[in-house]
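Residue 113 in numbering that gives the first Met the number 0 sits at position 114 of the sequence shown, and the numbers go up by one each step.
Everything below concerns the one structure shown next.
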Amino acid sequence: MDFKPDLKNIKWIRGWRNMPEAYVRIKTPGVTTILNDMIPNPEIDEWIKAVGKEKADQITQASHDRGTAMHLFIEIFLKKLKETGDPSASLKEAQIQAPPQLEKENIPSWKIDEGRNLFFKFYYSDYISDYSKLIGTELDIYSPELFYRGKIDWTFQTNENGLAVRDFKSGSKPIEKGSRKELGYKYQLGAYAGGVEDMYRSNKNDVKVGYASIVNVSTKSEIVQNVECKGDELEEYKSKFRELAKEWHIKNGQGFLFQS
Numbered sequence: 000m001d002f003k004p005d006l007k008n009i010k011w012i013r014g015w016r017n018m019p020e021a022y023v024r025i026k027t028p029g030v031t032t033i034l035n036d037m038i039p040n041p042e043i044d045e046w047i048k049a050v051g052k053e054k055a056d057q058i059t060q061a062s063h064d065r066g067t068a069m070h071l072f073i074e075i076f077l078k079k080l081k082e083t084g085d086p087s088a089s090l091k092e093a094q095i096q097a098p099p100q101l102e103k104e105n106i107p108s109w110k111i112d113e114g115r116n117l118f119f120k121f122y123y124s125d126y127i128s129d130y131s132k133l134i135g136t137e138l139d140i141y142s143p144e145l146f147y148r149g150k151i152d153w154t155f156q157t158n159e160n161g162l163a164v165r166d167f168k169s170g171s172k173p174i175e176k177g178s179r180k181e182l183g184y185k186y187q188l189g190a191y192a193g194g195v196e197d198m199y200r201s202n203k204n205d206v207k208v209g210y211a212s213i214v215n216v217s218t219k220s221e222i223v224q225n226v227e228c229k230g231d232e233l234e235e236y237k238s239k240f241r242e243l244a245k246e247w248h249i250k251n252g253q254g255f256l257f258q259s
């Protein structure tokens with residue numbers, strides 16, 4: 000095996016009889032890191048060039064704050080809904096608990112309001128009924144086979160496709176079919192579904208994710224859009240992301256992880 004470790008990633012420790020030993024810390028990228036590195040988005044680069052980096056950073060931070068607020072309202076609501084089965088009590092819990100938590104994270108009040116408004120768009124959408132069989136929220140995942148990590152917003156059970164995973168996004172524009180954004184989301188869904196399966200592959204009963212989707216809540220209209228992957232398409236993107244993850248490790252000097 001051609002193993003050439005990066006000396007900066009070597010950690011020295013004292014081992015047997017106080018003798019020096021070392022281990023190599025590998026880079027374990029997040030799903031977004033792999034996608035951004037391996038599937039460039041020229042539209043983003045052009046946008047940053049047009050508005051300037053400082054302005055782009057401000058817009059990105061504002062979008063992040065809004066998304067953080069929306070996610071927390073939804074998370075608290077769904078956790079309470081799973082516990083009680085009472086939508087009204089869950090709605091009240093979200094409105095009581097979310098704002099002070101967001102304030103502690105230094106989210107501006109107007110962004111908390113924006114996040115709450117996006118939450119209500121989700122609350123009144125058709126997708127709220129999907130969570131009658133909610134399994135959990137904010138699931139940390141990793142692949143012990145492909146050495147990547149991520150976090151899934153929600154996992155739930157479906158009657159038609161079995162175990163399902165879902166992520167929430169918000170944006171001013173709809174996700175166009177065939178766009179770079181949709182492609183990235185399909186890869187992301189393949190990564191999440193594949194990561195869950197990899198985590199539990201050693202168990203006697205392998206876990207199978209049969210459905211994955213991203214719900215995009217519009218900031219400009221009442222539209223709540225669902226980008227979904229299931230069946231053969233989901234299997235295709237699980238496989239595609241596996242190859243992409245391997246390519247990322249090879250590109251970053253970690254191809255030895257896949258050599259026998």
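No residue lacks a Cβ here, since even glycine has one placed at the ideal position from N, Cα and C.
For residue i, the nearest candidate out of the options (CA to CA)
i, options, result
"residue 132", "118, 158, 144 and 107", "158"
"residue 120", "257, 222 and 15", "222"
"residue 174", "142, 215 and 129", "215"
"residue 164", "68, 69, 80 and 213", "213"
"residue 265", "108, 124, 224 and 200", "Since the first residue of the chain shown is 0 and the last is 259, residue 265 is not available in this structure."
"residue 41", "246, 201 and 183", "183"
"residue 31", "124, 200 and 166", "166"
"residue 199", "241, 142 and 160", "142"
Close Cβ partners of residue i (< 8 Å) along its chain, the five nearest in sequence each way excluded
i, result
"residue 122", "76 and 90"
"residue 20", "11, 12, 13 and 14"
"residue 65", "110, 113, 114, 117, 169 and 218"
"residue 29", "147, 148 and 149"
"residue 282", "Lying before the first or after the last residue shown, residue 282 is absent from the chain, which here runs from 0 to 259."
Contacting residues, own chain, Cβ-Cβ under 7 Å from residue i (five flanking each side not counted)
i, result
"residue 254", "248"
"residue 244", "33, 145 and 147"
"residue 250", "none"
"residue 134", "154, 155 and 156"
"residue 26", "251 and 253"
"residue 96", "75"
"residue 206", "162, 195, 196 and 199"
"residue 241", "145 and 193"
Cut-off 6 Å between Cβ atoms - residues of its own chain near residue i, not counting five sequence neighbours on either side
i, result
"residue 138", "151 and 154"
"residue 93", "72, 75 and 76"
"residue 260", "As shown, the chain starts at 0 and ends at 259. That puts residue 260 outside it, with no answer to give."
"residue 55", "47"
"residue 57", "none"
Per-residue burial, residue i [other beta carbons within 10 Å of its own, 16 or more giving buried]
i, result
"residue 136", "buried"
"residue 39", "exposed"
"residue 256", "exposed"
"residue 177", "exposed"
"residue 103", "exposed"
"residue 129", "buried"
"residue 84", "exposed"
"residue 201", "exposed"
Rounded C-alpha distance that separates residue i from residue j
i, j, result
"residue 144", "residue 197", "7 Å"
"residue 258", "residue 252", "12 Å"
"residue 156", "residue 50", "43 Å"
"residue 15", "residue 9", "18 Å"
"residue 0", "residue 59", "In this prediction, residue 0 has a pLDDT of 47, which is less than 50 and means its spatial position is unreliable; what the coordinates show is noted afterwards. The straight-line gap from Cα to Cα measures roughly 43 Å."
"residue 233", "residue 211", "7 Å"
"residue 36", "residue 106", "29 Å"
"residue 67", "residue 17", "47 Å"
"residue 98", "residue 86", "19 Å"
"residue 149", "residue 140", "5 Å"
"residue 179", "residue 126", "25 Å"
"residue 52", "residue 62", "15 Å"
"residue 79", "residue 231", "34 Å"
"residue 88", "residue 44", "44 Å"
"residue 226", "residue 124", "15 Å"
"residue 246", "residue 108", "42 Å"
"residue 70", "residue 101", "11 Å"
"residue 81", "residue 160", "20 Å"
Whole-Å CB distance - residue i paired with residue j, under 8 Å assumed
i, j, result
"residue 208", "residue 190", "About 11 Å; that fails the 8 Å criterion."
"residue 188", "residue 236", "6 Å"
"residue 186", "residue 239", "6 Å"
beta-carbon residue i near the ligand COA non-hydrogen atom, thresh 7 Å
i, result
"residue 76", "The model depicted lacks the ligand COA and carries no ligand whatsoever."
CB contact below 8 Å: residue i versus chain D
i, result
"residue 20", "Among the chains in the structure shown there is no chain D, since it carries only a single protein chain."
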